[in-house]
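The next block holds one structure in the form of structure tokens; read it before the comments.
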Amino acid sequence: MADLSIVFAGIKAPNPFWLASAPPTDKAYNVVRAFEAGWGGVVWKTLGEDPAAVNVSSRYSAHFGANREVMGINNIELITDRSLEINLREITQVKKDWPDRALIVSLMVPCVEESWKHILPLVEATGADGIELNFGCPHGMPERGMGAAVGQVPEYVEQVTRWCKTYCSLPVIVKLTPNITDIRVAARAAHRGGADAVSLINTINSITSVDLDRMVALPMVGTQSTHGGYCGSAVKPIALNMVAEIARDPQTQGLPICGIGGIGSWRDAAEFLALGSGAVQVCTAAMLHGFRIVEDMKDGLSRWMDSQGYASVQDFAGRAVGNTTDWKYLDINYQVIARIDQQACIGCGRCHIACEDTSHQAVASLKQADGSHKYQVIDDECVGCNLCQITCPVQDCIEMVAVDNGKPFLDWNHDPRNPYHVAG
Amino acid sequence: MINSLNHLPHPLEDGATLAGHFSDLAPPLTARQAEVEASRCLYCYDAPCVNACPSEIDIPSFIRNIHQDNVQGAAQKILSANILGGSCARVCPTEILCQHACVRNNAEECAPVLIGLLQRYAIDNAHFREHPFQRAAATGKRIAVVGAGPAGLSCAHRSAMHGHEVVIFEAREKAGGLNEYGIAKYKLVDDFAQHELDFLLQIGGIEIRHGHKLGDNLSLSDLHQQFDAVFLGLGLAASKQLGLPHEDAPGLLAATDYIRELRQSDDLSQLPLAEHCIVLGAGNTAIDMAVQMARLGARDVNLVYRRGLEEMGATDHEQDIAKANQVRLMTWAQPEEVLLDAKGQVRGMRFARTRLDEGRLVNTGETFELAADAIFKAIGQSFDEHALSDPLACQLQRQGGRIQVDEQMRTSIPGVYAGGDCTSLDQDLTVQAVQHGKLAAHAMHAQLMLNVEAA
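Protein sequence lines, in the order shown, are assigned to chains A and B.
Residue numbers for the first sequence, in numbering that gives the first Met the number 0: 0 to 423.
Residue numbers for the second sequence, in numbering that gives the first Met the number 0: 0 to 454.
This is the structure we're talking about:
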């Protein structure tokens, strides 16, 4: 069996599956249950200065799929609402009882040096393996100058990171907010401040829906609402891109990345690892299904690694980074064409209408004598966009087949059709 | 007509218990079930289900409306194509129509979207405050519809929408045709046919005159003279005969006669019950008859068909219902003699075993007898010739015994249209009859308005 153990920014863990700083890691009871279930590490829910935060009711709302499957959750919960003393005591005990697991403490205090200088030694004294700086919380805390209010200003990110490196000997992971225009700017700032790693993404500003009877957005607090932070499988594509952006940025080369955002299966995790993460954090999937999911994630990942011949996570971590590039470096001569497997086709017509109405009129609908329709790709019109394959409800019915057009590799930088192309 | 069973005993169970055996065969979906089921629809384009629906209901669209919490929109979409969408949702053999064609009924899944139940959900839960269709400006044209069955009602409603005045002539006390008199009780419960009729008549401009029967107190010649157009939705009023001696003996009658009585009965315990009975036939009516007799408490019910299971008109789904109700399906046997007791009452039937010989059905020479105190014929319905006996009606061209119509439901006599089971066109299904009525109304309207413009 493959070895799932990792060393991330100097922190050892038996597997790369960590629980993110969130309600599931709010107190010893939950964290112990998580460790019993097999999680490799946890990031303890964000500690702050006393007095502890106070939360409202209600707190969550969801974006649902066609059959009430949860695509994403939006929350307006703040950092821990328990006292610093209780949290520190519990952290100390849990770390003592579970020495082989990674235990990271998430922190958020005001953006003044004194505050950090005060709390860091207290955290270090717990025996925790590292700290994570919550620069991402997008709701409530930014109104008080913390969370995303720090993460959105590169100078603050750099400054606070430096304070942490100054007043604490533990590895410092800077958690980034996606509510910015270019994630690399914040990552570079953390890097300059001496961060040992970055973790991303924190939640995305969101409103999931509106109660049209009461005319209040969700989640409702009485007759009002406020925007929250969005997480769950719906944010995975956004998170994957941001992880890749940092992974392939020369300015942050080698900076460890902990991937977060919509991870719910071993495959999701493998994808984050392939795009440059050294570990992953999970929250929403656990909140929807309980801690038991880690068992399937570990089993699935290790079986897949075995099937691929990867002995350890390091063997494949970052392998997809090199194949992720800028548009201008893509081969403009590469061509694929859709192929419909007529045996597998169930005749729903979705490929046809999608292409006909919104794309390239490349899927013909041929009416048959019995009133049914046969769908056929018109090769000359097909641009290989993948839309028909995406809309097809049958797995593997539509295949995108590479066409050997005899043309050599050519990127836009060298394409004569580009007025600014590089000659030769 | 059911007098021929007067010598038989009554069911042992009381009326209330028996009524419980005739409750909804396919109970309605709950809101959550409808949501889950609606989410399974792939919203096909040029959808095979629509192609398979004789009344051309835009199925993907109404299901999408259900899923988007627009049940009224869904119902209106259904009703705009099929004003009897509520009863069709209940009685349609969806397993050979929309659900057979559903793309999720492919070999990998074998699980079509439950279109019939979703259609019922939409209609049952729409709760329109007022009739959802408006009449066009009055045209001053009058249309006679003969027969208040699905074809006639559909034609009447659509004609009323077009702005015409409609008079329906119906022989029986109630309108609804087979929905009222001919469908198994557990398929159409809670007096649904009459509720649907009330809804349909809300459009206005439709008058129903009961007790008028073509060939008796009504003639096509008169209607043709008095109205601007005539639609014949006569159905198939006559039951086919076995052609055997003693066909009138007590204990032997047409299944449709018994079903009609059963459907109209307020107290099922007062019906005559055959402890041992035989149902002859292979269609859905034969199944309905056999199953209802079983549910009333018959000790054994044998459904006998002269050919094999594959050739049965009853769908697999219907056959399954029969088996679930302990009905014995006997094939390759044809009636040879009605056996009578000393009182001249049915005591059983002798059958000849059959087989196929180069495609032809022949007797093997072997016979057997089945004891029965009642035999129900469900070997098909035929056209009641008496209805078309007046001089004009005699001129109607016929095909295979039924009225010949073209695709616009026009008969050979200008101004006379026909639809439903009495015509030679398409399958004998409620949904088909509704479509015929609708098409006839469109064709009549086009013709009548053409004449208006010309004048």
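Even glycine gets a Cβ: it sits at the ideal position worked out from N, Cα and C.
Among the options, which has the Cα closest to the Cα of residue i?
{"i": "N64 of chain B", "options": "B:S381, B:D420, B:L219 and B:E36", "result": "B:E36"}
{"i": "G192 of chain A", "options": "A:Q158, A:I206, A:K174 and A:M214", "result": "A:Q158"}
{"i": "R359 of chain B", "options": "B:I402, B:G307 and B:A371", "result": "B:G307"}
{"i": "Q407 of chain B", "options": "B:Q398, B:T422 and B:G399", "result": "B:T422"}
{"i": "F168 of chain B", "options": "B:G148, B:G181 and B:R157", "result": "B:G148"}
{"i": "T324 of chain A", "options": "A:G277, A:M70, A:D410 and A:M107", "result": "A:D410"}
{"i": "D330 of chain A", "options": "A:F408, A:H351 and A:A353", "result": "A:F408"}
{"i": "F21 of chain B", "options": "B:H385, B:G296, B:E365 and B:Q434", "result": "B:G296"}
{"i": "D420 of chain B", "options": "B:I202, B:R103, B:Q380 and B:F191", "result": "B:Q380"}
{"i": "I262 of chain A", "options": "A:A278, A:F7, A:L254 and A:I130", "result": "A:A278"}
{"i": "P249 of chain A", "options": "A:A186, A:T202 and A:A233", "result": "A:A186"}
{"i": "K11 of chain A", "options": "A:A188, A:E35, A:V31 and A:G39", "result": "A:G39"}
{"i": "A65 of chain A", "options": "B:Y42, B:A321 and B:V49", "result": "B:Y42"}
{"i": "G383 of chain A", "options": "A:R318, A:S20, A:C354 and A:Q313", "result": "A:C354"}
{"i": "T429 of chain B", "options": "B:A25, B:L96 and B:E12", "result": "B:L96"}
{"i": "K360 of chain A", "options": "A:R349, A:W115, A:Q367 and A:P141", "result": "Strictly speaking, residue 360 of chain A in this sequence is Gln, with Lys absent from that position. Comparing Cα-Cα distances from Q360 of chain A to each of A:R349, A:W115, A:Q367 and A:P141, the minimum goes to A:R349."}
From residue i to residue j, what distance separates their C-alpha atoms?
{"i": "Q318 of chain B", "j": "M348 of chain B", "result": "23 Å"}
{"i": "K95 of chain A", "j": "A124 of chain A", "result": "12 Å"}
{"i": "T93 of chain B", "j": "S54 of chain B", "result": "13 Å"}
{"i": "D266 of chain B", "j": "I258 of chain B", "result": "14 Å"}
{"i": "E310 of chain B", "j": "L116 of chain B", "result": "27 Å"}
{"i": "L4 of chain B", "j": "T255 of chain B", "result": "14 Å"}
{"i": "R397 of chain B", "j": "P413 of chain B", "result": "15 Å"}
{"i": "D197 of chain B", "j": "Q133 of chain B", "result": "16 Å"}
{"i": "Q344 of chain B", "j": "T138 of chain B", "result": "58 Å"}
{"i": "N287 of chain B", "j": "A150 of chain B", "result": "For clarity, residue 287 of chain B is Asp in the given sequence; the question names Asn instead. For D287 of chain B and A150 of chain B, the distance between alpha carbons rounds to 22 Å."}
{"i": "A269 of chain A", "j": "I122 of chain B", "result": "48 Å"}
{"i": "S168 of chain A", "j": "D195 of chain A", "result": "11 Å"}
{"i": "L119 of chain A", "j": "Q252 of chain A", "result": "27 Å"}
{"i": "P415 of chain A", "j": "V320 of chain A", "result": "28 Å"}
{"i": "A337 of chain A", "j": "E398 of chain A", "result": "6 Å"}
{"i": "R32 of chain A", "j": "S306 of chain A", "result": "31 Å"}
{"i": "D383 of chain B", "j": "A273 of chain B", "result": "28 Å"}
{"i": "A246 of chain A", "j": "P236 of chain A", "result": "15 Å"}
{"i": "D425 of chain B", "j": "Q431 of chain B", "result": "7 Å"}
Just mark residue i as buried or exposed, buried being the case when its beta carbon has 16 or more other beta carbons within 10 Å.
{"i": "L211 of chain A", "result": "exposed"}
{"i": "Q223 of chain A", "result": "exposed"}
{"i": "S205 of chain A", "result": "buried"}
{"i": "Y419 of chain A", "result": "exposed"}
{"i": "W162 of chain A", "result": "buried"}
{"i": "K184 of chain B", "result": "buried"}
{"i": "M0 of chain A", "result": "exposed"}
{"i": "Y120 of chain B", "result": "buried"}
{"i": "S238 of chain B", "result": "buried"}
{"i": "A135 of chain B", "result": "exposed"}
{"i": "F63 of chain A", "result": "exposed"}
{"i": "I389 of chain A", "result": "exposed"}
{"i": "M214 of chain A", "result": "exposed"}
{"i": "W326 of chain A", "result": "exposed"}
{"i": "L7 of chain B", "result": "buried"}
{"i": "T16 of chain B", "result": "exposed"}
At which residue ranges does the stretch 147-175 of chain B contain complete alpha helix (DSSP H) runs of 4 or more residues, listed in the order of the chain? 149-160
Quick one, which residues of the stretch 3-37 of chain B are near chain A if we go by CB-CB under 7 Å, in chain order? V35
So if I threshold CB-CB distances at 7 Å, which residues from the stretch 339-352 of chain A count as touching chain B? I345, G346, C347, G348, R349, H351 and I352
Minimum length 3: unbroken beta strand (DSSP E) runs contained in the stretch 228-292 of chain B: 228-231, 251-253 and 275-280
Alpha helix (DSSP H) runs contained entirely in the stretch 21-87 of chain B, provided each spans 4 or more residues: 30-38, 47-51, 58-66 and 70-80
Contacting positions in the stretch 48-69 of chain A - beta carbon closer than 7 Å to chain B: A65 and N66
Against chain A: residues of the stretch 44-67 of chain B by CB proximity under 9 Å: Y44, D45, A46, P47, N50, A51 and H66
Check each residue of the stretch 193-211 of chain A: if its Cβ is closer than 9 Å to any Cβ of chain B, include it; give the result in chain order. none
By the 9 Å beta-carbon criterion, what residues does the stretch 370-384 of chain A contribute toward chain B? G370, S371 and H372
What residue ranges within the stretch 225-308 of chain A form continuous beta strand (DSSP E) runs of no fewer than 3 residues, ordered along the chain? 227-230, 256-259 and 278-281
Runs of alpha helix (DSSP H) lying entirely within the stretch 156-233 of chain A, each at least 4 residues, in chain order: 182-191
Would you list, in chain order, the members of the stretch 389-412 of chain A that have their beta-carbon closer than 8 Å to a beta-carbon of chain B? P392 and V393
Which ranges does the beta strand (DSSP E) cover as unbroken runs of at least 3 residues, wholly within the stretch 295-371 of chain B, from first to last along the chain? 299-303, 326-329, 332-339, 345-356 and 359-370
Would you list, in chain order, the members of the stretch 83-105 of chain B that have their beta-carbon closer than 7 Å to a beta-carbon of chain A? V102 and N105
Residues within the stretch 225-248 of chain A neighbouring chain B, beta-carbon criterion of under 9 Å: none
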